[in-house]
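The listed protein sequences correspond, in order, to chains Z and H. Each residue of the first sequence is one higher than the last, beginning at 1064 in the working numbering. Each residue of the second sequence is one higher than the last, beginning at 564 in the working numbering. We put the beta carbon where it would ideally sit given N, CA and C, even for glycine.
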Amino acid sequence: MFKLFKYLKWQEWILLIVAIGFVGLQVFCNVSLPQCTLEISNYFQSGDLSGNYNGLILTCLKMLGYTAGVILSAICASFIASYVVTHLLARVRGKIFAKVNSFSAREINKFSIPSLITRSTNDISQLQQVLTTLITLGFNAPLTATFAIINIVKLSSENGAQTLSWVNIVSVLAISIVVILIMMLAVPKFKTIQKTTDELNKVTRENLTGLKVVRANGAEKSQEAKFDKVNNRFAKIDLFIGKVMSIIEPSLTLIMQGTSLAIVWIVGLLAQTNPATIALMGSFTQYSTFIIMSFTSLSVLFMFVPRGIISGRRINEILDTELSLVDGKGATATKQGTVEFKNVSFRYPDADENVLENISFTVNQGETVAFIGSTGSGKSTLINLIPRFYDCTDGEILIGGNPIKEYKQSQLHDMIGYVPQKGLLFSGTISENVRYGKENASKEEIDKAIEISQSSFVYSFPEGLDYMVARGGKNLSGGQKQRLSIARAIIKNPDILIFDDSFSALDYKTDKVVRENLDKEYSGTTKIIVAQRIGTIMNSDKIIVLDEGKMVGIGTHKELMADCEVYQQIALSQLSKEELEND
Amino acid sequence: MTKKEKQKISLPPRPKVKNFKGTLKLLFSELSQHKFALVFAFIFAISSAVLVIVGPRILNDMMEVIIPTAGGGSKIAEITKYGIIILSMYVLAWFLNYFQGFLLNKISVSISKNLRTKLSKKINRLPLKYFDNHSYGDLLSRVTNDVDNVGFTLSRTLSSLITSAVMLIGMPIVMFTINWQLTLIALLQLPIALIIVFFVVKNNQKYFVGQQKELGNVNGYIEENFSAHNVVKAFNGEQKAEEEFGDINNRLRSTSRKAQFFSGLMHPIVNFTSNLVYVLICIVGASLAIKSNSPTFLATIITFMTYTKLFNQPISQIGTIFGNLQSTVASAERVFEFINEGEELDESFKNAIIENVKGKVEFKNVNFGYLPDKQIIHNFNFTALPGEKIAIVGQTGAGKTTIVNLLMRFYEVDDGEILIDGVSTKDLNRTYVRSLFGMVLQDTWLFEGTVKENLRFGNPNASDEEIVSACKLANVDHFIRTEPKGYDMILGEESNISAGQKQLLTIARAMVQNAPMLILDEATSSVDTRTEILIQTAMDRLTEGRTSFVIAHRLSTIKNADKIIVMKDGNIVEVGTHQQLLDANGVYTELYNSQFEDGEDF
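What follows is the structure, encoded as structure tokens:
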């Protein structure tokens, strides 16, 4: 958590010190108040109030001054603290965002996207609470307690009433014991309840994702019984925690009341022999209130800070991640649109086996190359190596005649038009989404991209190209999103187009028309396709068949039908024998 | 879609409350089930508050005893007597206080548990229509976050509401018995503090809502960007994204700063007003003491000092109570909203059954639309004879599952009826209708439990032998046996069995169920070739002799089907056999040829 302080600017460091200064001032004014009470008590004790009336008024004015000092310095401290903390954390959030943007798929997968989101929102909010509290309360409570204890010890020894200091020591001990005991009992249960919450979530989600199956099988009762089991367990732990936590408040009240009673009681006994001690009653009661309050807030802080430390650690994990990709120095393509794999192998970090093994092939400009294979054969992984979403473990990949590691990533990406597996769009208008591929694209260029990608459905919206795509593209169907993401890629007019299983969401007919359009309009562009359907790739110049990470066939549809067993199997599973023989 | 993507990250709820009073009423009706415990908790709370108030008053008497006797005659016995009385009062207050906390906690735990059970039961009673436009993430958040929030704040709000009320009323009364002038001054704090507190709370609320809203924006932007990370990279969009994010982030920073600042003000301000009053009491008290010339007045001043501090408690809690109440009601509203959604009609009175089901299914003049103003099935008539295989075809998103939804009565037809062996499904119990169909969907849902438990899902009485023979037919027996625990292997989200094996297990499940009719969604390409062949043969075995509705993807299925239903844009556009449809040269022909032409190019 404290590591994040390195992102403070020097001005903010100064502000922070000023804020702590204000906290100190606040404490000083606050602790001076019982001093005034003592003075007033002494006036009373002297028995000559009227004679000391002016002094009394002066003391009261002093108190007013201190009171004003407390509130003003508290406001200033709070203002500065909230300023510094929110500025620091907004900066940290920006850094996280930029850092994640520079991540490769490897790092993203290490954290998982939901976790990255939680870290940049929930964890930061958590830290905001903890840090502000820490700056204000964290300095306030120990300072107050120290001042108060010093004053009490001093006063009691001056007046021969050391017993009174002991009262405070006992009450501080009592608070510590109560808090420690409760923490020991409750904290392990906090973890359990968090886990049980996860289980509640799991059971509920299971029911939700299987709604139709549950109802089709009339198994509502058994799902509910499952939920009840977890729910009962949850309630039991919840009840236990409640029981334990209910002890805290009454106990703190009792300790506080007990302390003031003890002070009066002891003063009463001491006063039998030493009347001067009576004047101490008021200020001592006040001091001990301060001490008890400080310890209470400190114990709250102790429960609070670990949460901040955990959040801080989670954030630092992101910021300290070393990037696995090193940007190249920059290069210019000499053989535009060519792709060459030289003995490429790839394995995921921490995996025992290669996902891709010794892959070599060459693609010439304007060729269409397709990859096919069963799930887990490595075809998506393979094409994700081309835009350097991952770096290959062994071997070399060349694009445009140069190894891809020599290009700057931005240069590399400029050469490539990428269509992802799912049609990921951004919230914004249709034209903004298509323009994502080419910022200054003209209306004509957009219309053309839309036509080629068979996205003309957009013209049936009343807003046309200004139709707002909702977050996550919820207001478009899967096929519509996919078509628009094709439009976005082709408007770039790149050397190489990559389709990561992009045609599966399209029906056969659209699939076919889009591919025909691409062949016509982008004949000079190299096209690399991952597909599931034989129909999608039958006409490719080259088909590469992958099986468990190895290349088991390369050639045209006809060649492969003749000599590649895996390919035959795939073909047969999708088309019946006579349909294939028809060809 | 993977499970992770479905589970949307949701922020802690803090929406505007739509119906404050109504929700409060529902909350009270939940509370009223615990009347007895509640009454006791209230009595305890009131008594303990009274003791807290009376304590300093007796302490005041004790001090008055101490002060004049100072240095004089011994009054140790009397001091001790007072001390013991007060101490026992405080100890009694501890017990009362603890038990009221204990009871209220018990009540709130029981209410939360109850609400969760209601929510869970509700999920299975809502028409599926409901889930079309409600996200799972939101619902999950209601079951956990919102119920938690109701439980957590309910006990605290109730307890501090009672204690604060008693203190606000009781304390002035006790103070008046000591000194009325000083009491009036002490009471000055109330209006001053209230005005300031309300001002702060109001501002705070405003900035807090703003902060949550901006946090939502940041969350949304981040989610979108991180999810599309590959796209952002491939299109060199990092720079642009960082700039856009910077703007949103700065907006969040500015509202956060204000919210944080104002929420830090409450405590110092209440403290300030009490200090102010305290100074006034000293000044006025001193002048009163001069007039009355009484040294015991010191005791009065100390007592009032204690009271002004005590008085802080209810005042500073007003803000907290207000905030908590707002948040409780907001969460409770979300919970009740779901609990009170319209359920499927109760059909427990329908207990007709069809003896010896043959499997004839008829659609008679069926009209249906997911939205009331958008009918997609118009006057549809169709008959499936016992044992026939009916293929449902159409492009992606053409609405093929609509037929399934109607057959299973997941959705009710708007007009017309569906008959099974001549009996209208409307006259049958919903659950019974569903039990007549076995279902294998692409979404291979299995629950966390053993293989056996999963297979028995639709037929709890199936014997082990039946299960094993079903698995053999479904080509999955071998796989199960190679696993360490065999049929007792635990399946769950984390279990690493492949999509294909899951599909086979769902086929086996349907076989165990042994229903007279079937609904099948053919496997798509997400499984490897070998498994796909296994799935096909298993499905073929399953459909033998059963009326089956197949959402078809493969040409061979379509061609072999006894009847084909062709769908487009949600509508049923053609019905007939393969040959009839080809002859009609309509949508089906186009669809059929589009996957065929590629081959003919060779």
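Nearest CA to the CA of Ala604(H): which residue from Ile725(H), Asn887(H), Lys581(H), Ile940(H)?
Within the second sequence, the letter at position 41 stands for residue 604(H). It is Ile725(H).
Along the region 1005-1027 of chain H, where does the CB come closer than 7 Å to a CB of chain Z? Name the residues.
For the region 1005-1027 of chain H, the set of residues with a beta-carbon nearer than 7 Å to any beta-carbon of chain Z comprises Trp1008, Phe1010, Glu1011, Phe1020, Gly1021, in chain order.
Within 10 angstroms of the Cβ of Tyr1522(Z), are there 16 or more other Cβ atoms? Answer buried if so, exposed if not.
For the purposes of this step, residue 1522(Z) is taken as residue 459 along the first sequence, with counting starting at 1. In summary, Tyr1522(Z) is exposed, with fewer than 16 beta-carbon neighbours lying within 10 Å of its beta-carbon over all protein chains present.
Could you tell me which of Gln1089(Z), Gly1429(Z), His1476(Z) sits nearest to Lys1583(Z), measuring between CA atoms?
For the purposes of this step, residue 1583(Z) is taken as residue 520 along the first sequence, with counting starting at 1. Here the closest residue by C-alpha is Gly1429(Z).
Considering only residues of the same chain and omitting the five flanking positions on each side of Ile1462(Z), which have a CB-CB separation below 6 Å?
One-based indexing of the first sequence puts residue 1462(Z) at position 399. Same-chain partners within the cutoff: Val1402.
Counting beta carbon pairs with one atom in the region 1235-1246 of chain Z and one in the region 930-938 of chain H, are three or more of them shorter than 8 Å?
no
If you measure between the beta carbons of Asp1454(Z) and Thr1492(Z), is that distance less than 7 Å?
Looking up residue 1454(Z) in the first sequence gives position 391. Looking up residue 1492(Z) in the first sequence gives position 429. Against a cut-off of 7 Å, the Cβ pair of Thr1492(Z) and Asp1454(Z) comes out as no contact.
Would you check if the distance between the CB atom of Phe885(H) and the CB atom of Leu589(H) is smaller than 7 Å?
Translated into positions along the second sequence, residue 885(H) becomes position 322. Translated into positions along the second sequence, residue 589(H) becomes position 26. No, the pair does not count as a contact, with Cβ atoms beyond the cut-off.
Opposite Thr1673(Z) in the DSSP bridges: which residues?
Limits of chain Z in this structure are 1064 at one end and 1646 at the other, which puts residue 1673(Z) out of reach.
Measure the alpha-carbon distance for Ser1111(H) versus Val967(H) and round it to whole angstroms.
Here residue 1111(H) refers to the residue found at position 548 of the second sequence. Here residue 967(H) refers to the residue found at position 404 of the second sequence. Between Ser1111(H) and Val967(H), the C-alpha separation is close to 11 Å.
From this set, Met1126(Z), Tyr1116(Z), Leu1274(Z), which residue's C-alpha is nearest Arg688(H)'s C-alpha?
Taking the first residue of the second sequence as position 1, residue 688(H) is located at position 125. Nearest of Met1126(Z), Tyr1116(Z), Leu1274(Z) to Arg688(H), Cα basis: Leu1274(Z).
Looking at chain H, is there any beta carbon in it that lies within less than 7 Å of the beta carbon of Trp1328(Z)?
As a working note, residue 1328(Z) is residue 265 in the first sequence. Yes - at least one Cβ of chain H is within 7 Å of the one on Trp1328(Z).
So which residues of chain H does Ser1505(Z) contact, with C-beta pairs closer than 7 Å?
By one-based count along the first sequence, residue 1505(Z) stands at place 442. Neighbours of Ser1505(Z) on chain H: none; closest Cβ ~18 Å, over 7 Å.
Starting from the Cα of Val1282(Z), find the closest Cα among Asn1270(Z), Gln1399(Z), Ile1509(Z) and give me that residue.
What you label residue 1282(Z) is simply residue 219 of the first sequence in a count that begins at 1. Before going on, a small fix: residue 1282(Z) reads as Ala here, not Val. Ranking the options by Cα distance to Ala1282(Z), first place goes to Asn1270(Z).
Counting pairs of Cβ atoms below 8 Å between the region 815-823 of chain H and the region 758-775 of chain H, do you hit three or more?
Judged by Cβ distances under 8 Å, the region 815-823 of chain H makes contact with the region 758-775 of chain H, as three or more pairs qualify.
Using a C-beta to C-beta distance shorter than 8 Å, which residues of chain Z count as neighbours of Met738(H)?
Taking the first residue of the second sequence as position 1, residue 738(H) is located at position 175. Near Met738(H) there are no residues of chain Z at all, since even the closest Cβ is about 17 Å away, more than 8 Å.
Can you tell me where the alpha helix (DSSP H) holding Ala1504(Z) begins and where it ends?
For the purposes of this step, residue 1504(Z) is taken as residue 441 along the first sequence, with counting starting at 1. Neither: Ala1504(Z) is in no alpha helix (DSSP H) and is coded neither H nor E.
Between which two residues does the alpha helix (DSSP H) carrying Glu910(H) extend?
Start at 1 with the first residue of the second sequence, and residue 910(H) comes out as number 347. It is not in any alpha helix (DSSP H) - Glu910(H) carries neither H nor E in the DSSP assignment.
Cutting at 8 Å between CB atoms, please list the residues of its own chain near Ile648(H), excluding the five before and the five after it.
Residue mapping note: residue 648(H) aligns to position 85 of the second sequence, counting from 1. Contacts found: Ile621.
Please give me, in chain order, every unbroken run of the beta strand (DSSP E) with length at least 3 that falls completely inside the region 1381-1407 of chain Z.
none
Jot down the residue ranges of each uninterrupted alpha helix (DSSP H) in the region 983-1019 of chain H, minimum 4 residues, whole runs only, in chain order.
993-998, 1014-1018
Pull up the CB-CB distance for Gly1021(H) and Gln1076(H), whole angstroms please, since I reckon it's below 8 Å.
As a position in the second sequence, residue 1021(H) is number 458, starting the count at 1. As a position in the second sequence, residue 1076(H) is number 513, starting the count at 1. 3 Å between Cβ atoms; contact.
Mind checking which residues open and close the alpha helix (DSSP H) that includes Ala728(H)?
Sequence index remark: in the second sequence, residue 728(H) carries index 165 (1-based). That run of the alpha helix (DSSP H) goes 710-741.
Which residues of the region 892-923 of chain H have a Cβ closer than 7 Å to any Cβ of chain Z? Give them in chain order.
none
Measure the alpha-carbon distance for Asp1103(H) versus Ala1625(Z) and round it to whole angstroms.
Along the second sequence, one-based indexing puts residue 1103(H) at 540. Along the first sequence, one-based indexing puts residue 1625(Z) at 562. Cα to Cα, Asp1103(H) sits roughly 29 Å from Ala1625(Z).
Which of the three DSSP states, helix, strand or coil, is assigned to Gly664(H)?
On the second sequence, residue 664(H) is found 101 positions in, with the first residue counted as 1. Of the three classes helix, strand and coil, the one that applies to Gly664(H) here is helix, per DSSP.
Using a Cβ-Cβ cut-off of 6 Å (strictly less than) and excluding sequence neighbours within five positions of Tyr1630(Z), which residues of its own chain qualify?
For the purposes of this step, residue 1630(Z) is taken as the residue at position 567 of the first sequence. Non-local C-beta neighbours of Tyr1630(Z) in its own chain, meaning closer than 6 Å and more than five positions away in sequence, comprise Val1608, Gly1616, Leu1623, ordered along the chain.
Please report the distance separating the alpha-carbon of Asn1093(Z) from that of Met1319(Z).
Numbered from its first residue, the first sequence carries residue 1093(Z) at position 30. Numbered from its first residue, the first sequence carries residue 1319(Z) at position 256. Spanning the two alpha carbons is a distance of roughly 18 Å.
On the DSSP bridge list, what partners appear for Ile524(H)?
With chain H covering only 564 through 1165, there is no way to say anything about residue 524(H).
Determine, using beta carbons only, whether Cys1034(H) comes closer than 7 Å to chain Z.
Looking up residue 1034(H) in the second sequence gives position 471. Judged by the 7 Å Cβ criterion, Cys1034(H) is not in contact with chain Z.
Could you tell me which of Ile1329(Z), Gly1393(Z), Cys1099(Z) sits nearest to Gly646(H), measuring between CA atoms?
The count along the second sequence starts at 1 and reaches residue 646(H) at position 83. Out of Ile1329(Z), Gly1393(Z), Cys1099(Z), Ile1329(Z) has the C-alpha closest to the C-alpha of Gly646(H).
Just the Cα atoms here: how many angstroms apart are Ser1088(H) and Glu1416(Z)?
As a working note, residue 1088(H) is residue 525 in the second sequence. As a working note, residue 1416(Z) is residue 353 in the first sequence. Its pLDDT being 46, under 50, Ser1088(H) is placed unreliably in this model, and the value from its coordinates should be taken loosely. Going by the C-alpha atoms only, they are around 24 Å apart.
Roughly how far, in whole angstroms, is the beta-carbon of Val1150(H) from the beta-carbon of Leu1083(H), given that I think they are within contact range, below 8 Å?
Numbered from 1 along the second sequence, position 587 holds the residue referred to as residue 1150(H). Numbered from 1 along the second sequence, position 520 holds the residue referred to as residue 1083(H). Contact flag wrong, Cβ pair sits at about 22 Å.
Output the distance between the C-alpha atoms of Asn742(H) and Thr863(H), rounded to the nearest integer angstrom.
By one-based count along the second sequence, residue 742(H) stands at place 179. By one-based count along the second sequence, residue 863(H) stands at place 300. As the crow flies, the alpha-carbon of Asn742(H) is around 8 Å from that of Thr863(H).
Please state the DSSP three-state secondary structure of Gln1632(Z).
Residue mapping note: residue 1632(Z) aligns to position 569 of the first sequence, counting from 1. Helix, per DSSP.
Considering only residues of the same chain and omitting the five flanking positions on each side of Asp984(H), which have a CB-CB separation below 7 Å?
For the purposes of this step, residue 984(H) is taken as residue 421 along the second sequence, with counting starting at 1. If we look at Asp984(H) and ignore the five residues flanking it on each side, its Cβ neighbours are Ile917, Val920, Lys921, Lys923.
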